[in-house]
Amino acid sequence: MKKTITAVLAIGLVSVAYGALQAGEVVVRDDQMGLAPGSVFDDPSPEVFQYPETEPSAARGLQRAYLGAPPQIPHRIDNLLPIRAKKNGCLRCHDAPDMIGKPRAASGEPTPMPLTHYVKLDDGSLKRADNRHVCVQCHTPQAEVKELVGNTFAP
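In terms of this note's numbering, the sequence shown has 120 at position 136, counting the first letter as 1, and numbering is strictly consecutive.
Structure, rendered in structure tokens:
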């Protein structure tokens, strides 16, 4: 019994010593911690960018980032903000239920809101859904900046 205990203790001591010798000092430098290049203590200044000054009537549609992505806003919206339920400047051009599914006559013509933004009433007519009034929750204005992550999607 005494030999068994001594053998187990000896094996345990050798295992602990071997583990301690193997561990060594693992040092992770601060510039290797994050995904961004440079130190985690750096305070990088974001790139300055400008949103397009294109007026809505002159804007052209933008390519979608992925299948099912909401259309991006290709024109300035500063004159349409703030967007509220009772005051939504986007609706002046895009609330056109009679144009859903029809081709646009001209390339500068606004994209109509899709059927998902409406509620079908009992008489068959369409009413704008009240829960869809904050357009910029899904649709965002785009600035001309370098992509952070490349996109190979093709419609």
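Glycine residues also receive a C-beta, built at the ideal position from the N, C-alpha and C atoms.
From the options, pick the residue whose C-alpha is nearest to that of residue i; which is it?
| i | options | result |
| --- | --- | --- |
| residue 116 | 6, 100, 96 | 100 |
| residue 32 | 138, 128, 134, 58 | 128 |
| residue 60 | 132, 54, 34, 68 | 34 |
| residue 126 | 73, 102, 44 | 44 |
| residue 74 | 41, 86, 17 | 41 |
| residue 37 | 63, 13, 51, 92 | 63 |
| residue 134 | 49, 80, 57 | 49 |
| residue 68 | 119, 39, 107, -8 | 119 |
| residue 138 | 82, 108, 46 | 46 |
| residue 12 | 5, 1, 24 | 24 |
| residue 111 | 6, -8, 2, 82 | 82 |
| residue 132 | 30, -13, -9, -6 | 30 |
| residue 92 | -9, -7, 39 | 39 |
| residue 66 | 51, 56, 121, 136 | 121 |
Compute the minimum distance between the beta carbon of residue i and the heavy atoms of the ligand FMN, and state whether it is under 7 Å.
| i | result |
| --- | --- |
| residue 27 | By its list of ligands, the structure shown contains no ligand whatsoever, and the ligand FMN lies outside what it can speak to. |
Looking only at DSSP bridge pairs, what is residue i linked to?
| i | result |
| --- | --- |
| residue 104 | 110 |
| residue 125 | 57 |
Using a Cβ-Cβ cut-off of 7 Å (strictly less than) and excluding sequence neighbours within five positions of residue i, which residues of its own chain qualify?
| i | result |
| --- | --- |
| residue 78 | 94, 95, 96, 97 |
| residue 113 | 101, 102, 103 |
| residue 2 | none |
Under 6 Å Cβ to Cβ from residue i, same chain only, skipping five residues before and after it: list those, please.
| i | result |
| --- | --- |
| residue -2 | none |
| residue 72 | 117 |
| residue 80 | 96 |
| residue 84 | 96, 99 |
Would DSSP call residue i helix, strand or coil?
| i | result |
| --- | --- |
| residue 81 | helix |
| residue 40 | helix |
| residue -5 | helix |
| residue 67 | coil |
| residue -13 | helix |
| residue 74 | coil |
| residue 115 | helix |
| residue 26 | coil |
| residue 51 | coil |
| residue 34 | coil |
| residue 10 | coil |
| residue 5 | helix |
So, under 8 Å CB-CB, residue i and residue j are touching, yes? Tell me the CB distance rounded to an integer number of Å.
| i | j | result |
| --- | --- | --- |
| residue 123 | residue 54 | 5 Å |
Below 8 Å CB to CB, which residues in the same chain sit around residue i once its five sequence neighbours on both sides are set aside?
| i | result |
| --- | --- |
| residue 22 | 15, 28 |
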